[in-house]
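Engineer: Residue numbers (the working numbering): 415 to 618. Don't be surprised by glycine CBs; every beta carbon is placed ideally from N, CA and C. Quantities reported herein were computed from a predicted structural model and do not represent experimental measurements. What follows is a structure written as structure tokens; I'll ask about it next.
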């Protein structure tokens, strides 16, 4: 990952918070020199410094998760177009602000008996905001067993963690204030979130 010093995140806790929030990652592995890429919902285990996910058994990428080669995951968060008209400085050009994190590490396949735990962790996390959260117990045991045979669980040891938050840190305070105002006036959620993150950085 290209990493200008201005945008590098040094706070490991902040990077883990980001991954936990934007947990739908891009899983990347190598197969005979070719890059294999799939999107996967991940669970972060902070205590053990690991990521957990699963793939469809019909998706051959799981066969590359035996730890023989490094595995990478890219987590992409909010992003937004930045108009040069928002800067106080003249003669500027358009750019893009964004937040992302990259994990590198060795992966291993989970034994089948760990799948119920993994799926419960995943569903509990995303059902927590609902008034009546769905539970795996709602699925008939025979059907659940058949469905679990169709997936493969895996984990990744977080050996390297890189965070890149491009939030106009390389601009002067007046230009940053203009970008915050410009993004805040946009109707889309991405622009709003980037503006909020820029303001938090400005106030810190």
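Apply the 10 Å Cβ neighbour rule to residue 467 and answer buried if 16 or more other Cβ atoms are within range, or exposed otherwise.
Structural biologist: For the purposes of this step, residue 467 is identified with residue 53 of the chain shown, where counting begins at 1. Under this definition residue 467 is a buried residue.
Engineer: Under a three-way DSSP split, which group does residue 506 fall into?
Structural biologist: On the chain shown, residue 506 is found 92 positions in, with the first residue counted as 1. Reduced to three states, the DSSP call for residue 506 is coil.
Engineer: Could you round the C-beta distance between residue 455 and residue 427 to whole angstroms and report it? I think they count as a contact, below 8 Å.
Structural biologist: In the chain shown, residue 455 corresponds to position 41, counting from 1. In the chain shown, residue 427 corresponds to position 13, counting from 1. Not really, about 22 Å apart at Cβ, beyond 8 Å.
Engineer: Taking the alpha-carbon of residue 498 as reference, which of 425, 460 and 592 has the nearest alpha-carbon?
Structural biologist: Position 84 of the chain shown, counting from 1, holds the residue named residue 498. Closest option to residue 498, Cα to Cα, is 592.
Engineer: From which residue to which residue does the alpha helix (DSSP H) around residue 470 run?
Structural biologist: Taking the chain shown and counting its residues from 1, the one referred to as residue 470 is at position 56. It is not in any alpha helix (DSSP H) - residue 470 instead sits in the beta strand (DSSP E) that spans 464-470.
Engineer: Distance, Cα to Cα, residue 586 vs residue 501?
Structural biologist: Working through the chain shown from its first residue, we reach residue 586 at position 172. Working through the chain shown from its first residue, we reach residue 501 at position 87. Spanning the two alpha carbons is a distance of roughly 9 Å.
Engineer: Between residue 445 and residue 478, which are expected to be in contact by the criterion C-beta below 8 Å, what is the C-beta distance as a whole number of angstroms?
Structural biologist: Against the chain shown, residue 445 aligns to sequence position 31. Against the chain shown, residue 478 aligns to sequence position 64. Their Cβ separation, rounded to whole angstroms, is 5 Å, which keeps residue 445 and residue 478 in contact under 8 Å.
Engineer: With distance defined between alpha-carbon atoms, name the residue in 538, 526 and 597 nearest to residue 469.
Structural biologist: On the chain shown, position 55 is the one that residue 469 refers to. The shortest Cα separation from residue 469 among 538, 526 and 597 belongs to 526.
Engineer: According to DSSP, residue 483 sits in a beta bridge with which residue or residues?
Structural biologist: As a position in the chain shown, residue 483 is number 69, starting the count at 1. None, per the DSSP bridge assignment.
Engineer: In this structure, how does DSSP classify residue 419 when only helix, strand and coil are distinguished?
Structural biologist: Taking the first residue of the chain shown as position 1, residue 419 is located at position 5. If DSSP states are grouped into helix, strand and coil, residue 419 belongs with the helices.
Engineer: Among 511, 602 and 487, which has the Cα closest to the Cα of residue 572?
Structural biologist: The sequence position of residue 572 within the chain shown is 158, counting from 1. Residue 487 is the option with its Cα nearest to residue 572.
Engineer: Kindly list the residues whose CB is nearer than 7 Å to the CB of residue 566, restricted to its own chain and excluding five residues on each side of it in sequence; keep chain order.
Structural biologist: Translated into the one-based positions of the chain shown, residue 566 becomes position 152. Once the five neighbours on either side are set aside, the close Cβ partners of residue 566 are 468, 469, 471, 476 and 523.
Engineer: Going by DSSP, what residues sit across from residue 567 in a beta bridge?
Structural biologist: Along the chain shown, one-based indexing puts residue 567 at 153. 468.
Engineer: Tell me, which residues are paired with residue 494 by DSSP?
Structural biologist: Counting from 1 along the chain shown, the entry for residue 494 is found at position 80. Paired residue(s): 511.
Engineer: Nearest chain D C-beta to residue 576 closer than 8 Å, yes or no?
Structural biologist: Although the question refers to chain D, the structure presented lacks it and comprises just one protein chain.
Engineer: Let's test the definition: count the other Cβ atoms within 10 Å of the Cβ of residue 492 and tell me whether it reaches 16, buried, or not, exposed.
Structural biologist: To locate residue 492, count along the chain shown from 1; it is residue 78. Buried is the call here.
Engineer: Does the beta-carbon of residue 516 have 16 or more other beta-carbons within 10 angstroms, so that it is buried, or is it exposed?
Structural biologist: The residue labelled residue 516 in the question sits at position 102 within the chain shown. Per the 10 Å Cβ criterion, buried.
Engineer: For residue 600 and residue 554, what's the separation of their Cα atoms in angstroms?
Structural biologist: Position 186 of the chain shown holds residue 600. Position 140 of the chain shown holds residue 554. In a straight line, the C-alpha of residue 600 is about 46 Å away from that of residue 554.
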